[in-house]
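Asks:
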Amino acid sequence: MGRTARCACGKLSVTAEGEPAVVLACHCTECQRRTGSPFGVGAYYPKDKVAVSGAYKEFARPGGDGRTMHNRFCPDCGSNLFWESELLPGTWGIAVGSFADPAFPPPARSVWEEKKHAWVQFGPEIPGHVQGRASKASR
9 MGRTARCACG KLSVTAEGEP AVVLACHCTE CQRRTGSPFG VGAYYPKDKV
59 AVSGAYKEFA RPGGDGRTMH NRFCPDCGSN LFWESELLPG TWGIAVGSFA
109 DPAFPPPARS VWEEKKHAWV QFGPEIPGHV QGRASKASR
C-alpha cells in the first residue's frame, strides 16, 4: 500500500510503499526550527521505497548529534517534506503531517526530550528518550 505526502502547494510529493520502518517524535532544536512547532514527527522509510514527484531544493545542516541532516523542501511553497540524516544513510524521513492522514501510525518513541517543551505530553505507550534513540529513557 502506498501513502502519498504533499507539500502545501501540491507541486512536490513523495509516495512511500509499505509501512514505515519507524515513526518518531523529535524535540531537538533543529526539528523545532524546521517545523515551526515544538516537535517534529517523521515516518522513516528505506530510500528505495520512496518515489519523489516534482522539484525540490535541499538545505544541509548539522543535526543535534553533529551529523549532517539534508532537508528537502518545495522551492515554491517552502514546505519541508522529507529529509535524510548521516545517522541513517539510505533512510528518508517524511513529515507525517504531510500525509494528511489521521489514521497514520503514531510515534513509536519520542527523542531529544531534553529539549521538549514542558507542556508537551505523550502517553506511556510512547517511550521517551533524553537524547537520540540510543540514550536512556526519560520516563
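Going by our numbering, the letters in the sequence shown line up with residues 9 to 147, in that order.
No residue lacks a Cβ here, since even glycine has one placed at the ideal position from N, Cα and C.
For Ser125, I'd like the list of residues in its chain whose CB is within less than 6 Å of its CB, leaving aside the five on either flank, ordered along the chain.
Replies: The question names Ser, yet the displayed sequence has His at residue 125. Here the set comprises Pro46.
Asks: According to DSSP, is Ser143 part of a helix, a strand, or is it coil?
Replies: Any answer about Ser143 is weak, because its pLDDT of 47 lies below 50 and its placement is not dependable; what the coordinates show is given next. Coil, per DSSP.
Asks: If you pair each beta-carbon of the segment 118–137 with each one of the segment 54–71, do three or more pairs fall below 8 Å?
Replies: Contact between the segment 118–137 and the segment 54–71 is absent, because fewer than three Cβ pairs lie under 8 Å.
Asks: Who are Pro70's beta bridge partners in DSSP?
Replies: Answer is Thr76.
Asks: Less than 7 Å between the beta carbons of Leu89 and Leu20, yes or no?
Replies: Yes, the Cβ-Cβ distance between Leu89 and Leu20 is below 7 Å.
Asks: Going by C-alpha distance, which of Cys82, Ser87, Cys85, Pro113 is nearest Leu32?
Replies: Per the Cα distances, Pro113.
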